[in-house]
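A.B. asks:
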Amino acid sequence: MAKCFVVAVIIIVNVSLKSTTERGKIKPQYSIVTLFSKNHLCEAIHSCRTYAHVSEIKNGNVAVIGLYASDVSEDNLAIYSKNCPFVQLRPFTVSGYPDFFKNLKNYRFKFPTVAKVLSEFKTIFYVDASIQLKSDANDTLTDLFNSMWAEFAPQGIRLFSNSSHLNFPVTHSNMYDFFNVTETQTKETYQLQSGIYMLNNSPAGWEIMNKMIQCSLEPKCMAPNRAKVNCNIQFVLKNNRVVCHRFDQSALNMRMNPKKAVLLIVVVGVMAVINLVIKSSVASVNSQNVKSLLDSDFTNFQIGVLFQSVESENVLSDSENLTLTDVTGDVDAHSTFSTMPYSMGQENVSGVPLVLEWNYIGCRSLFHDRAGLEKHCKYTCTYTANHSLLENAAVTVYHMGANDNIPSRSMNASSVKVFLNLESPSHRPQFLKLPARFFDVSITYRQDSTIPVYYDSFVPLDGANDTDRWTDAEVEAAIRAKEKPALWMVSHCNTYSAREMYVSTLKQHINVTQIGGCNQVECPRFDDCEKSYIRNHYFYIAFESAVCIDYITEKFFRMRQLIVPIVLDKRVFRGIHKTLLNYTIVASDFESQKQLAEYLQHLIDHPDEYRKYFDWTKLYKKSEQPSFNTNTACKVCEIANQVQTGTYKKTKLNIHEWWGKNSCYGPVGKDLISRSELSNKLKD
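If you count by mature numbering (1 follows the signal peptide of the UniProt record, and there is no 0), then the sequence shown holds residues -17 to -1, 1 to 667, one letter each, in order.
Below, the structure written as structure tokens:
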């Protein structure tokens, strides 16, 4: 499943206590402002909920303002408001900006948006949505803002936290020209995040902001055309770790001219606060010494004393295609950033087993379909996300896609712990931090799970009268519409399976249409754009980001749109999926990428042979058959009832062995290229 793009920011604003509202009341001294789009509504909710417990917000001294993009619907706004009722919502639009500015993935929008707030208030505190407020941040925001003017007024800006990415190796040369710095100078500066900083409404602050706005509105500066041209696996291997979309971060670091930057380290307890102070008379930083210091002395580095950095996993994935639900409720003391406790009826009803959902899949509860459960499930349970009820839970479900602090010790020996994961082990390795035999039950895509769930499955037709079927005319019309060889839709550019390396070589022998984030050709999933591309291509490259046992996602099941899938390796197909190999082309079956390309062209030239790959339409139902549904939730409730009655027999699952060791096959794409090169050498 592809991870969604983050378009959410947070700004904390300092307002004079002397200003008043229209009603004559004293205006709050500070304000938190968040900007979000539809794709990351979930993350925006998770973020704002971390502010709900802060006394300075509860007592009205800190206001919270939410700026939302035009793609956020009224229904989504209602969900946001119900979860974050203390947020004042305001619309934000990019309609008045140039077309190149409107691609939110390039982050151009951030500085002009910040500037609008900066013009109104004394100080802003800008924080990305991946930064969450810590639970012990009460009564400290005011002190932080006061120090901005007391200690950093001459500089105008204060940055927090080093960047964990190397942005500059993939930065376009036009960006260096715009800021009048060299690539060498920029790389010598220890890189800092653009995702968390304070900025004063002062000449010094605007001197920085104006340059950043100019860059945002200049086509050749931030994210210039073909700026991502070097975002490929070969470049990553040479340059350690890179990201290809945070051009705002590259720009801000360039604006912090390396000859004018000094990095100060302030230790607060075991935390480190990074402050970037701009002074023209200060000598340049010895970045290597600073990096060495951080690596050795601050291995558990976190951002400041108020914030924690979180790699966002709790976002609504396109491939999950989930429906948002009401996740309101009081924030209890045990909650972490991504858990939003909600109430679904009475909690802890006498005689009814309690199921605790420690965290969510995106914004959706596993048990969101209450009406469906009541109608189709013969078992009754009470459902909660309140961490304080852990000791009372018969079953606790832990979703590995979240970054919650899962307790490594059981507080309830009789409770059954459920491992829920719909992504590959290589993508979400959090389970390795827990004891090997922590879990009792598994809910994953693997067929040998306690409760297996699949992205889709092919269900046999119910005889000749089954109406849920493809007609011969539909199949023939689809084949006649094909014009181009192969299609690859991809947004994760550097993967565990090294699929990008294989496709790069395959392109030398046959035309491959590539769309998605890796080459900046946008085409949203599940809409007419995707359907039109699939309609006129013969083959779809359905390579997964990791080649793991049973890991078959929506990429493969696009064959339902009448296109022939190509997969990397047949080893992932077993059990109920194995028969689908008869209608699938497997890259590992071919001696080389050239041989595969020749076979694809052969099928294009011989329609009768190509048509055989659609024989599955005569055997299986036409509609999708996802198994992650009410039945999954009902099975969890069934286990909870067995625990309640003492009839459930625990079988400890060794999650390190079963889910981790030998469940994935490594960089298959790279291995296939090596095999091909070896074969060619032997022939020579």
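Think of the CB as a built atom: it goes at the ideal place given N, C-alpha and C, for glycine as much as any other residue.
Looking only at its own chain, which residues have a Cβ that is under 6 Å from the Cβ of residue 517, when we skip the five neighbours before and after it?
C.D. replies: 544 and 546
A.B. asks: Does the stretch 393 to 405 come close enough to the stretch 425 to 436 that 3 or more CB-CB pairs lie under 8 Å?
C.D. replies: yes
A.B. asks: Grouping DSSP H, G and I as helix and E and B as strand, with all else coil, what is residue 52?
C.D. replies: coil
A.B. asks: Tell whether a beta-carbon distance below 8 Å holds between residue 73 and residue 48.
C.D. replies: yes
A.B. asks: When you compare each of 339, 70, 440 and 575 to residue 368 by their alpha carbons, which one comes out closest?
C.D. replies: 339
A.B. asks: My output table needs one value for residue 68: the three-state DSSP class, helix, strand or coil.
C.D. replies: coil
A.B. asks: Select from 76, 495 and 441 the residue whose C-alpha is nearest the C-alpha of residue 535.
C.D. replies: 441
A.B. asks: Which residues does DSSP pair with residue 44 in a beta bridge?
C.D. replies: None, per the DSSP bridge assignment.
A.B. asks: Could you please give the first and the last residue of the uninterrupted alpha helix (DSSP H) stretch that includes residue 613?
C.D. replies: Membership of residue 613 in the alpha helix (DSSP H) is indicated by the continuous run 613 to 628.
A.B. asks: For residue 524, which of helix, strand or coil comes out of DSSP?
C.D. replies: Three-state DSSP puts residue 524 in a strand.
A.B. asks: Could you tell me whether the stretch 579 to 595 touches the stretch 521 to 536, using the rule of 3 or more Cβ pairs below 8 Å?
C.D. replies: yes
A.B. asks: Going by DSSP, which residues form a beta bridge with residue 179?
C.D. replies: DSSP, once it has assigned bridges, lists 110 as partnering residue 179.
A.B. asks: For residue 137, which three-state DSSP category applies?
C.D. replies: Residue 137 sits in coil when the DSSP states are folded into three classes, being neither helix nor strand.
A.B. asks: What residue range is occupied by the uninterrupted beta strand (DSSP E) comprising residue 498?
C.D. replies: 495 to 498
A.B. asks: Would you mind stating whether residue 551 and residue 571 have Cβ atoms separated by less than 8 Å?
C.D. replies: yes
A.B. asks: In angstroms, rounded to a whole number, what distance separates the CA positions of residue 504 and residue 549?
C.D. replies: 21 Å
A.B. asks: The beta strand (DSSP E) that contains residue 404, what's its start and end?
C.D. replies: 399 to 404
A.B. asks: Would residue 381 and residue 231 be called neighbours here (beta carbons separated by less than 8 Å)?
C.D. replies: In this structure, residue 231 does not lie closer than 8 Å to residue 381 by Cβ.
A.B. asks: Suppose you measure from the CA of residue 362 to the CA of residue 128; what does that come to, to the nearest Å?
C.D. replies: 53 Å
A.B. asks: Taking C-beta to C-beta, are residue 184 and residue 106 nearer than 8 Å?
C.D. replies: Note that the C-beta distance between residue 184 and residue 106 is below 8 Å.
A.B. asks: Mind checking residue 79: buried by the 16 CB within 10 Å criterion, or exposed?
C.D. replies: exposed
A.B. asks: Note the first and the last residue of the continuous beta strand (DSSP E) segment covering residue 19.
C.D. replies: 13 to 19
A.B. asks: Between the stretch 622 to 639 and the stretch 417 to 432, do at least 3 Cβ pairs fall closer than 8 Å?
C.D. replies: yes
A.B. asks: Around the Cβ of residue 342, are there at least 16 other Cβ atoms within 10 angstroms (buried) or fewer (exposed)?
C.D. replies: buried
A.B. asks: Looking only at DSSP bridge pairs, what is residue 467 linked to?
C.D. replies: 520
A.B. asks: Contact check, residue 141 vs residue 181 under 8 Å by CB: the rounded distance?
C.D. replies: 4 Å
A.B. asks: For residue 560, which option in 175, 391, 539 and 81 has the closest C-alpha, if you only look at C-alpha atoms?
C.D. replies: 539
A.B. asks: Between the C-alpha atoms of residue 377 and residue 615, what's the straight-line distance to the nearest angstrom?
C.D. replies: 17 Å
A.B. asks: DSSP has residue 73 in a bridge; who is on the other side?
C.D. replies: 50
A.B. asks: Going by DSSP in three states, residue 668 sits in which element: helix, strand or coil?
C.D. replies: As shown, the chain starts at -17 and ends at 667. That puts residue 668 outside it, with no answer to give.
A.B. asks: Give me the DSSP bridge partner(s) of residue 427.
C.D. replies: 404
A.B. asks: Would you report the Cα separation of residue 618 and residue 567, rounded to the nearest angstrom?
C.D. replies: 33 Å
A.B. asks: Residue 458 by DSSP, collapsed to three states: which one?
C.D. replies: helix
A.B. asks: Would you decide whether residue 357 is buried or exposed? Buried here means 16 or more other CB atoms lie within 10 Å of its CB.
C.D. replies: Per the 10 Å Cβ criterion, exposed.
A.B. asks: Within its chain, find whatever has a CB closer than 7 Å to the CB of residue 465; leave out the 5 residues flanking it on each side and keep chain order.
C.D. replies: 519, 520 and 521
A.B. asks: Just verifying my parser: in three-state terms, what is the DSSP assignment at residue 647?
C.D. replies: strand
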